[in-house]
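Going by our numbering, the sequence shown opens with residue 3, and the numbers climb by one from there.
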Amino acid sequence: MHKPTLLKSGIKDVIFGKDVTVVEPVNLYECTIGDDCFIGPFVEIQKGVKVGSKTKIQSHTFVCELVNIGAGCFIGHGVMFINDLFSKGKPAGGDMALWKSTNIGNNVSIGSNATILPVSICNDVVIGAGAVVTKNINEPGIYVGNPARKK
Numbered sequence: 003m004h005k006p007t008l009l010k011s012g013i014k015d016v017i018f019g020k021d022v023t024v025v026e027p028v029n030l031y032e033c034t035i036g037d038d039c040f041i042g043p044f045v046e047i048q049k050g051v052k053v054g055s056k057t058k059i060q061s062h063t064f065v066c067e068l069v070n071i072g073a074g075c076f077i078g079h080g081v082m083f084i085n086d087l088f089s090k091g092k093p094a095g096g097d098m099a100l101w102k103s104t105n106i107g108n109n110v111s112i113g114s115n116a117t118i119l120p121v122s123i124c125n126d127v128v129i130g131a132g133a134v135v136t137k138n139i140n141e142p143g144i145y146v147g148n149p150a151r152k153k
């Protein structure tokens, strides 16, 4: 019988602002979390991600590399950020040249189970629960559906 390699989740090399609350277990590494943020349980935030002040990230959310989230945002439960569009018909793996970035403005609320592909979202936007954002959002408003469209 073979034994697997066991890796532990945790918090490693994170820059925290003041008055940040983190509910474990989490996997946070090499990222920056602003002042007065809340990070719920079972969240992963990867290397290089920046989270603005007064942002709340709820449980079971995955924030991959190349994502920036503005201040005053709300990220619901189970939100998935994507940086690999499988442009060669398969996962890019470690080829970061194929990965794309995502920028979320200030005061953006993203509903539970939304999927955010590599896009830019302007300030003052609401993304409905379960929406799939496939294109840049340049106008404040409420966006719902798959693909997400302004309501």
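Where is the CB? At the ideal position from N, CA and C, for every residue including glycine.
If you're wondering where the values come from, they're calculated on a predicted model, not measured in any experiment.
In summary, ASP86 is buried, with 16 or more beta-carbon neighbours lying within 10 Å of its beta-carbon over all protein chains present. Around GLY132, the same chain offers ASN115 as residues with beta carbons nearer than 6 Å, after the five sequence neighbours per side are excluded. In this structure, VAL51 sits near THR34, with a CB-CB distance shorter than 9 Å. At a cut-off of 3 residues, the continuous stretches assigned as beta strand (DSSP E) that sit fully inside the region 50 to 136 are 69 to 71, 104 to 106 and 127 to 129.
In this structure, the beta-carbon distance from GLY80 to SER61 falls below 9 Å. Rounded to whole angstroms, the gap between the alpha carbons of PHE40 and GLY78 is 12 Å. For VAL28 against SER11, the beta-carbon gap comes to about 7 Å, under 8 Å, which counts as contact. The three-state secondary structure of LEU30, taken from DSSP, is strand. If you check the CB distance, VAL121 and ASN105 come in under 9 Å.
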